[in-house]
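Just so you know, we're using this note's numbering here: the sequence shown kicks off at 781 and counts up by one.
Built from N, CA and C at the ideal position, the CB exists for glycine as well.
All values derive from a computational prediction rather than experimental measurement.
Report on the structure given below.
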Amino acid sequence: MNRVAVDLGDRSYEVRIGPGLFARAGVEIAPLLRRKRVAIVTDATVAALHLSALTAALEAEGIAVSSLALPPGEATKNWANLAQCTEWLLDQKVERRDVVVALGGGVIGDLVGFSAAILRRGVRFVQLPTTLLAQVDSSVGGKTGINTAQGKNLVGAFHQPSLVLADIDVLTTLPDRDFLSGYGEVVKYGLLGDAVFFDWLERDGPAIRAGDAAARLKAVTRSVEMKAGIVSRDETEEGERALLNLGHTFCHALEKATGYSDRLLHGEGVAIGCALAFELSSRLGLCSQEEPSRVRAHLKAMGMKVDIADIAGDLPGPDALIALMGQDKKVVDGRLRFILARGIGQAFVADDVPGDAVRAVLTDAFRNR
């Protein structure tokens, strides 16, 4: 088991990464409990795969368990399910010293974390991420929230978990498409700040996809190390943490345009967004033309979505996507902020990107549909 510390003073916690952690969940979580009970919130798909084993592991340590299963999918991150989750936790008489367990991918982690943040003005929670995307990104750092009609994650709170248990064994239950979606976030870490990691991904990405446990452990651990370091230095995204949004301005607009549906999974949108961000960087003269080609080549080699043309169905045009970007959380003083790059591993925040350049990149992307 690898341990990565998120250093936030009295809100510090560990991310524990390795095989067999769900079987040890009772042992790992018990030291956090004032009384031996937890409330688990998951989704129906994850519940069918993992809830009974997790319940058994907790009960083996004398921990009483109650559970709620919400519908699966990005559309679950809404007001109605937030209300259902929070009211159910109140019905379970969850107290401020109790622990809520978020068992699932990024949707469950975000929604349950937000519910824990507002329940009794803040109760503790533990993340048990079951997807690659959640293990390397959304379960770490305390960003919680829901989607609204206006955009993605526009309502939420910073609320750090007390513990994250990333069991790489559960990744074997993921459909290939979901695994590759998570890999989009893994690639992002190399692109934003670790060229050596990206070099390794180019070599070992196929082994990661094929199920090599050692390669998966390394990929998850390095991704978490990078995120934990950034979060420890900038918890509430006043500066450096914005780099974690590489590709996300494009991604969030595309997710909104596709109705947060399975037409485009989040990590797929991140991969397309990273390719577009590097293309934009190249056109602005910030990096060589070879850099976006290298990014796209690796994504294609992994069998991932790379272009807007890879998204099935109709999409609004460039101007409509730019309008959707105007609701992005990274808008400051009415100006769009993009994460651009001077090369692989050299990302930076830019808030003076010419709108014509963004429109030109999107227009060319649509021309290829």
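{"Query": "Three or more C-beta pairs closer than 8 Å, one from the segment 840-852 and one from the segment 922-937: is that the case here?", "Result": "no"}
{"Query": "Would the beta-carbon of residue 808 fall within 8 Å of that of residue 817?", "Result": "no"}
{"Query": "Can you give the Cα-Cα distance for residue 981 and residue 1009, rounded to whole angstroms?", "Result": "20 Å"}
{"Query": "Please classify residue 1147 as buried or exposed, where buried requires at least 16 neighbouring CB atoms within 10 angstroms.", "Result": "exposed"}
{"Query": "Going by CA-CA distance only, name the one from 1050, 819, 842 and 1063 that's closest to residue 961.", "Result": "1050"}
{"Query": "For residue 876, which residues from the same chain have a beta carbon less than 6 Å from its beta carbon, with the 5 sequence-adjacent residues on both sides left out?", "Result": "900 and 903"}
{"Query": "What runs of the beta strand (DSSP E), each 3 residues or longer, lie entirely inside the segment 870-953?", "Result": "879-884, 904-909, 923-928, 931-938 and 943-947"}
{"Query": "Whether or not the segment 1093-1108 and the segment 1054-1074 are in contact is what I'm after, with contact meaning three or more pairs of Cβ atoms, one per stretch, closer than 8 Å; do they touch?", "Result": "no"}
{"Query": "Using CA atoms only, rank isn't needed, just tell me which of 1058, 811 and 819 is closest to residue 1073.", "Result": "1058"}
{"Query": "Just mark residue 910 as buried or exposed, buried being the case when its beta carbon has 16 or more other beta carbons within 10 Å.", "Result": "buried"}
{"Query": "Would you grab the beta carbon distance between residue 983 and residue 959 for me? Rounded to a whole angstrom, and I think it's under 8 Å.", "Result": "Residue 983 to residue 959, Cβ: 18 Å. No contact."}
{"Query": "Taking just the CA atoms, how far does residue 865 sit from residue 829?", "Result": "20 Å"}
{"Query": "Out of 1034, 966, 1037 and 1035, which one is the CA nearest neighbour of residue 1003?", "Result": "966"}
{"Query": "Tell me whether residue 1077 is buried or exposed, calling it buried when 16 or more other Cβ atoms sit within 10 Å of its Cβ.", "Result": "exposed"}
{"Query": "Distance, Cα to Cα, residue 1087 vs residue 915?", "Result": "25 Å"}
{"Query": "CA-CA distance, residue 977 and residue 867?", "Result": "43 Å"}
{"Query": "Shortest alpha-carbon distance to residue 1138 belongs to which of 1118, 937, 790 and 1149?", "Result": "1118"}
{"Query": "Which of the three DSSP states, helix, strand or coil, is assigned to residue 1065?", "Result": "coil"}
{"Query": "With DSSP as the reference, label residue 984 as helix, strand or coil.", "Result": "helix"}
{"Query": "Give the DSSP-derived three-state secondary structure of residue 797 in the structure shown.", "Result": "strand"}
{"Query": "By Cβ distance, which residues of its chain are closer than 7 Å to residue 951, with the 5 residues on each side in sequence left out?", "Result": "912, 959 and 996"}
{"Query": "Report the rounded CA-to-CA distance for residue 971 versus residue 781, giving the unit in angstroms.", "Result": "26 Å"}
{"Query": "Go to residue 848, then tell me how far its alpha helix (DSSP H) extends in each direction, as first and last residue.", "Result": "Run containing residue 848: none in the alpha helix (DSSP H); it sits in the beta strand (DSSP E), 844-850."}
{"Query": "Verify whether the separation of the beta carbon atoms of residue 823 and residue 886 is less than 8 Å.", "Result": "no"}
{"Query": "Between which two residues does the alpha helix (DSSP H) containing residue 959 stretch?", "Result": "956-973"}
{"Query": "Where does residue 1139 sit, in a helix, a strand or coil, going by DSSP?", "Result": "helix"}
{"Query": "Within the continuous beta strand (DSSP E) that includes residue 1119, where are the two ends?", "Result": "1118-1121"}
{"Query": "Mind checking which residues open and close the alpha helix (DSSP H) that includes residue 1002?", "Result": "993-1013"}
{"Query": "To the nearest angstrom, how far is it from the Cα of residue 935 to the Cα of residue 926?", "Result": "6 Å"}
{"Query": "Have a look at 895, 975 and 1121 and flag the residue whose alpha-carbon is nearest the alpha-carbon of residue 821.", "Result": "895"}
{"Query": "In three-state terms, what does DSSP make of residue 1127?", "Result": "strand"}
{"Query": "For residue 1000 and residue 948, which I take to be in contact (beta-carbon distance under 8 Å), what is that distance rounded to the nearest angstrom?", "Result": "6 Å"}
{"Query": "With a CB to CB cut of under 6 Å and the five nearest residues on each side skipped, what residues in its chain are close to residue 1122?", "Result": "1066 and 1067"}
{"Query": "Measuring only the C-alpha atoms, how far is residue 1031 from residue 954?", "Result": "22 Å"}
{"Query": "Does the beta-carbon distance from residue 1023 to residue 801 come in below 8 Å?", "Result": "no"}
{"Query": "Could you give the distance in angstroms between the alpha-carbon of residue 794 and the alpha-carbon of residue 907?", "Result": "11 Å"}
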